[in-house]
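Novice: Chains as they are written, first to last, in the numbering used here: chain A, 16 to 364; chain G, 9 to 285; chain Z, 541 to 918. This is the structure I have questions about; it appears just below.
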């Protein structure tokens with residue numbers, strides 16, 4: 016038995032592949048819950064429970080905000096063949112930029128704008144460095160961006176433990192609280208900082224239009240499909256890549272500003288800021304198949320996985336790792352289904 | 009100074025083993041981003057079995073889990089031709105998660121008879137040499153490299169591309185499992201959730217620093233171990249923030265990439281093999 | 541769809557109601573095997589076992605950003621008392637306290653209170669001093685190692701108390717400090733210990749959530765003191781004593797008073813537990829009920845120190861002070877002046893005891909402490 020490419024899979028076959036893999040994942044999860052002494056039905060109900068009330072929905076939305084911003088940028092970048100997996104670091108740099116504007120520039124009604132500006136610029140710089148290394152030296156961006164994540168991480172540790180450490184934090188690793196000008200408005204008494212959400216929706220729309228409705232977008236897609244052809248056509252490949260790296264980095268940077276200005280109101284330990292959003296957003300982008308607009312859907316789907324996982328560990332006092340297991344299994348099921356639906360099984364050699 | 013070199017070797021060993029495993033997979037064209045998760049699960053399996061039987065069986069169990077992890081990745085990355093990066097990341101999450109869920113009852117237990125770190129460090133060194141010979145002096149190594157560079161040509165010459173990739177993933181997985189077992193049976197020796205502490209990602213980075221050469225991985229791993237130790241040894245006696253030491257290995261990787269990025273990586277790295285395409 | 545989900549939820553959850561008091565715990569890390577969160581969870585379990593009318597729930601590894609949503613859920617599920625067990629939850633707790641004025645909150649290591657927010661802490665500084673005495677007596681090289689988590693006042697206070705103890709026995713001894721900037725990181729704890737061993741330290745104390753320092757020290761035959769939970773089993777020949785916490789003492793007292801109506805969501809503004817040896821909230825011990833590992837008692841009996849001009853065995857001194865500080869009205873306190881910091885500045889004048897405020901904001905370093913000290917006052 017072996018697999019062969021299926022150029023035109025029927026809709027029924029695709030549906031069947033997805034159904035089969037998702038059922039398999041659900042079955043494995045059910046086994047896991049049973050082993051843990053929890054009824055699978057109850058567990059699934061709790062997992063979906065964020066969808067049933069405003070509180071849960073706001074939690075899904077809050078988680079989806081950074082995933083949307085970063086995911087839209089990454090879907091765009093992946094489409095152009097720039098495999099930026101450094102969103103985690105770009106988000107942190109954005110948070111650093113935002114924190115600088117909030118803490119050290121004169122406060123006023125312009126503060127939030129300056130925070131987003133500076134955070135976005137630093138994010139763009141961090142993404143741009145990887146693009147530059149690729150263009151200038153041919154260094155794989157997958158690896159440079161991964162390394163840059165660590166540099167950003169230690170930069171934040173250095174700042175909050177050293178020069179930026181707050182006076183009013185009892186020696187803990189925080190900066191002082193941002194002044195009120197630097198706080199993003201939230202929806203009611205939830206943590207949904209809606210301006211960042213709007214930015215995310217706007218970014219997804221704008222990138223979708225750019226990619227599929229403009230000559231520049233066409234050039235970028237050619238570059239993504241076939242770099243050699245792009246060069247042959249005389250496209251400014253280097254400039255385009257720098258641009259793409261900058262844009263995806265900037266969006267991750269904006270997400271970082273959103274987290275510190277909307278939720279934390281200070282710079283703090285890096286792991287507490289990024290919470291793995293940079294990596295989860297890769298999955299959001301991948302699920303969106305290089306269409307920034309689709310991230311509107313996938314970011315909220317993954318937001319649900321995160322919020323539902325939280326609900327699970329809380330409802331049953333389960334170890335926090337249950338979130339990892341649930342998301343890991345679902346993702347494997349999704350990519351398995353995707354791969355299978357593109358192929359047909361040949362039973363003889 | 010002696011002490012520093014010893015620490016470089018003993019803390020470098022788990023990183024070396026894991027990166028040798030990742031390296032083997034990558035030479036065959038498959039990126040194994042699941043290292044962190046597989047290592048975590050291996051560490052648990054090794055510890056659990058060591059506690060209930062013997063450390064040597066534990067070591068084997070750890071390797072066994074590593075092999076299974078490699079094969080699991082193979083199902084997605086080789087057979088199904090799914091996106092290797094996403095499959096690897098999912099596997100990492102799944103492994104970490106499963107180890108945390110399954111391992112609760114093994115937390116807080118001392119291991120009466122741990123394995124000697126020195127012996128395992130020598131073993132790791134020997135394995136690096138062996139891997140070098142395997143890659144450059146054996147038929148399998150030739151197949152493996154050709155599959156990683158040009159699977160189409162290899163296929164035309166009758167090499168079973170999928171079989172070789174599964175072999176590399178299984179063998180590499182065994183090494184990754186050994187790294188996990190080293191942590192829970194020798195380095196700690198006990199088990200807690202999250203004890204791999206990001207070493208799996210370091211190992212993946214190291215593959216690049218080593219330019220996909222097993223012997224260079226030895227130096228890279230030891231260098232990382234040395235810098236990690238020095239951040240504590242020199243803390244307070246040099247006016248350099250410890251974060252600067254911590255970033256050095258990653259800066260080095262970027263530097264190496266910039267200096268040699270264009271040529272080294274296996275050409276088919278990360279690309280699923282489709283016959284007739 | 542939504543109806544179906546609600547139905548599933550109602551079927552699935554069916555929360556046990558009744559006249560049980562529901563207390564819910566927010567943990568900052570995984571329960572793990574030995575550290576901070578593990579100790580809180582042990583306290584939770586013991587409280588639940590001791591109080592038949594108590595029902596508890598917990599959720600582990602809650603990042604700071606998620607504290608508020610977690611509290612939202614806990615309140616919705618009927619939690620009447622919520623324990624937030626990390627400093628970083630402070631702002632979320634105060635915000636939630638306003639949102640839910642009828643829920644009682646208690647914030648561990650917290651500093652800000654409200655009508656429905658109490659703060660609590662079980663502190664080790666007395667125990668650290670006693671362990672310091674033993675460490676000073678046991679060190680042959682005169683170098684004692686301390687692997688420290690974060691340079692915050694709590695940890696600094698503990699190191700200082702420990703160093704004062706060490707110096708009381710051996711006035712020339714040094715306490716070498718290494719910061720690992722992590723509460724849980726076995727690899728950093730291991731390598732920091734190795735670094736200190738390489739510099740000649742032969743006795744160890746630490747703040748980290750695993751027994752790694754103890755295991756590492758024992759390989760080289762160095763003594764060590766456990767932290768948070770009994771760690772004797774990890775190195776039976778080398779653990780001398782340690783700091784053990786009994787959060788259940790605070791939890792049981794607090795919850796009883798809630799049940800009896802002494803504590804209400806209106807009167808907690810001044811409720812602050814800073815519980816010590818005399819309350820039984822902490823214990824000196826290699827294991828429960830084993831203040832000093834019997835294997836090391838003879839050595840500590842042989843070692844002497846001068847107290848008020850008289851030679852006293854270190855072991856006897858430890859036991860006398862322990863008994864005193866466990867009594868309802870202790871007369872001894874490690875932070876009794878005159879105490880200068882390592883730069884010679886008088887920090888506690890002669891005859892004075894450090895106030896609670898001074899303990900909670902301690903930034904100076906005691907004499908004998910060697911190493912980086914972020915935030916050290918000029």
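Yeah, the Cβ is synthetic: ideal placement off N, Cα and C, and Gly gets one too. Keep in mind the model is a prediction, meaning the values are calculated, not measured.
Counting beta carbon pairs with one atom in the stretch 195-210 of chain G and one in the stretch 33-44 of chain G, are three or more of them shorter than 8 Å?
Specialist: As far as the Cβ criterion goes, the stretch 33-44 of chain G touches the stretch 195-210 of chain G, which means the pair count is three or higher.
Novice: Shortest alpha-carbon distance to residue 622 of chain Z belongs to which of Z:754, Z:663, Z:643, Z:584?
Specialist: Residue 622 of chain Z has its Cα closest to that of Z:643, out of Z:754, Z:663, Z:643, Z:584.
Novice: Is the distance from the Cβ of residue 221 of chain A to the Cβ of residue 89 of chain A below 7 Å?
Specialist: Cβ atoms of residue 221 of chain A and residue 89 of chain A: not closer than 7 Å.
Novice: Just to make sure I have the definition right: I need the residues of chain A whose C-beta is within less than 7 Å of the C-beta of residue 249 of chain G. Which are they?
Specialist: Neighbours of residue 249 of chain G on chain A, chain order: 173, 177.
Novice: Is there at least one Cβ from chain G nearer than 7 Å to residue 336 of chain A's Cβ?
Specialist: Residue 336 of chain A counts as touching chain G.
Novice: According to DSSP, simplified to helix, strand and coil, what is residue 171 of chain A?
Specialist: Three-state result, residue 171 of chain A: helix.
Novice: Alpha carbon to alpha carbon, what distance is there between residue 123 of chain A and residue 279 of chain A?
Specialist: Between residue 279 of chain A and residue 123 of chain A, the C-alpha separation is close to 19 Å.
Novice: Could you give the first and the last residue of the continuous alpha helix (DSSP H) run that contains residue 256 of chain G?
Specialist: Counting along the chain, the alpha helix (DSSP H) containing residue 256 of chain G begins and ends at 250-268.
Novice: Give the interface partners of residue 89 of chain G over in chain A, defined as CB-CB distance under 9 Å, in chain order.
Specialist: 18, 20, 354, 357, 358, listed in chain order.
Novice: Identify whether residue 893 of chain Z lies in helix, strand or coil by the three-state DSSP scheme.
Specialist: Three-state DSSP puts residue 893 of chain Z in a strand.
Novice: Around the Cβ of residue 212 of chain G, are there at least 16 other Cβ atoms within 10 angstroms (buried) or fewer (exposed)?
Specialist: The residue in question, residue 212 of chain G, is buried, as its Cβ has 16 or more Cβ neighbours within 10 Å.
Novice: Is it true that the CB of residue 104 of chain A sits closer than 7 Å to the CB of residue 272 of chain A?
Specialist: Against a cut-off of 7 Å, the Cβ pair of residue 104 of chain A and residue 272 of chain A comes out as no contact.
Novice: Taking the C-alpha atoms as reference points, what is the distance between residue 564 of chain Z and residue 24 of chain G?
Specialist: The alpha-carbon atoms of residue 564 of chain Z and residue 24 of chain G are separated by roughly 44 Å.
Novice: Quick one: what's residue 764 of chain Z bridged to in DSSP?
Specialist: DSSP, once it has assigned bridges, lists Z:744, Z:779 as partnering residue 764 of chain Z.
Novice: Just to confirm, are residue 82 of chain A and residue 314 of chain A a CB contact at a threshold of 7 Å?
Specialist: Going by C-beta atoms, residue 82 of chain A is nearer than 7 Å to residue 314 of chain A.
Novice: Taking the alpha-carbon of residue 629 of chain Z as reference, which of Z:659, Z:655, Z:615 has the nearest alpha-carbon?
Specialist: The residue with the shortest Cα to Cα distance from residue 629 of chain Z is Z:659.
Novice: Can you name the residues of chain A whose CB is closer than 9 Å to the CB of residue 84 of chain G?
Specialist: Here the neighbours are 347, 350, 351, 354.
Novice: Using only the alpha-carbon positions, how far apart do residue 287 of chain A and residue 174 of chain A sit?
Specialist: Approximately 14 Å between the Cα atoms of the pair.
Novice: Starting from residue 159 of chain A, find everything on chain G with Cβ-Cβ shorter than 7 Å and list it in chain order.
Specialist: Within chain G, the residues near residue 159 of chain A are 262, 265.
Novice: Using DSSP with H/G/I as helix, E/B as strand and the rest coil, what is residue 123 of chain A?
Specialist: DSSP places residue 123 of chain A in coil when its eight states are reduced to three.
Novice: Say whether chain G places a C-beta atom closer than 7 Å to the C-beta of residue 166 of chain A.
Specialist: Taking Cβ atoms only, chain G reaches closer than 7 Å to residue 166 of chain A, which makes this a yes.
Novice: Can you give the Cα-Cα distance for residue 844 of chain Z and residue 680 of chain Z, rounded to whole angstroms?
Specialist: Looking at the two C-alpha atoms, the distance is approximately 14 Å.
Novice: Please compile the residues from chain A whose C-beta is within a distance smaller than 7 Å of the C-beta of residue 219 of chain G.
Specialist: Correct list: empty, because the minimum Cβ distance to chain A is about 12 Å.
Novice: Exposed or buried, what is residue 9 of chain G when buried is set at 16 or more other beta-carbons lying within 10 Å of its beta-carbon?
Specialist: The residue in question, residue 9 of chain G, is exposed, as its Cβ has fewer than 16 Cβ neighbours within 10 Å.
Novice: Excluding sequence positions up to five away, which residues of its chain have a Cβ less than 7 Å from the Cβ of residue 66 of chain G?
Specialist: Excluding positions up to five away in sequence, the list reads 54, 55, 57, 58, 189, 193.
Novice: Mind listing the chain Z neighbours of residue 124 of chain G? Cutoff is C-beta to C-beta under 9 Å, in chain order.
Specialist: Within 9 Å Cβ-Cβ: nothing; residue 124 of chain G doesn't reach chain Z, min ~11 Å.
Novice: Can you pull out the residues from the stretch 283-307 of chain A whose beta carbon lies closer than 9 Å to at least one beta carbon of chain Z?
Specialist: Answer in chain order: 283, 284, 286, 287, 288, 290.
Novice: Is residue 613 of chain Z close to chain A? Criterion is C-beta to C-beta, closer than 7 Å.
Specialist: With 7 Å as the cut-off, residue 613 of chain Z counts as an interface residue toward chain A.
Novice: CB-CB under 6 Å to residue 280 of chain G, same chain, minus the five flanking residues each way: which ones, in chain order?
Specialist: Result list for residue 280 of chain G: 89, in chain order.
Novice: How would you label residue 248 of chain G, buried or exposed, when you count the other beta carbons within 10 angstroms and need 16 or more for buried?
Specialist: Flag for residue 248 of chain G reads exposed.
Novice: Assess, as a yes-or-no matter, whether the stretch 707-719 of chain Z is touched by the stretch 734-747 of chain Z under the definition of 3 or more beta carbon pairs within less than 8 Å.
Specialist: Counting Cβ pairs under 8 Å, three or more are found: they touch.
Novice: If you draw a straight line from the C-alpha of residue 240 of chain G to the C-alpha of residue 178 of chain A, how long is it?
Specialist: Near 21 Å, if we compare the C-alpha coordinates of residue 178 of chain A and residue 240 of chain G.
Novice: Applying the criterion that 16 or more other CB atoms from any shown protein chain within 10 Å of the CB defines a buried residue, is residue 318 of chain A buried or exposed?
Specialist: Classification of residue 318 of chain A: buried, given that the 10 Å Cβ count is 16 or more.
Novice: Output yes or no for whether 7 Å exceeds the beta carbon distance between residue 823 of chain Z and residue 790 of chain Z.
Specialist: No.
Novice: Name the chain G residues that come within less than 7 Å of residue 162 of chain A, Cβ to Cβ?
Specialist: Within chain G, the residues near residue 162 of chain A are 213, 258, 261, 262.
Novice: Establish whether the CB of residue 598 of chain Z and some CB of chain A are separated by less than 7 Å.
Specialist: So yes, residue 598 of chain Z belongs to the interface.
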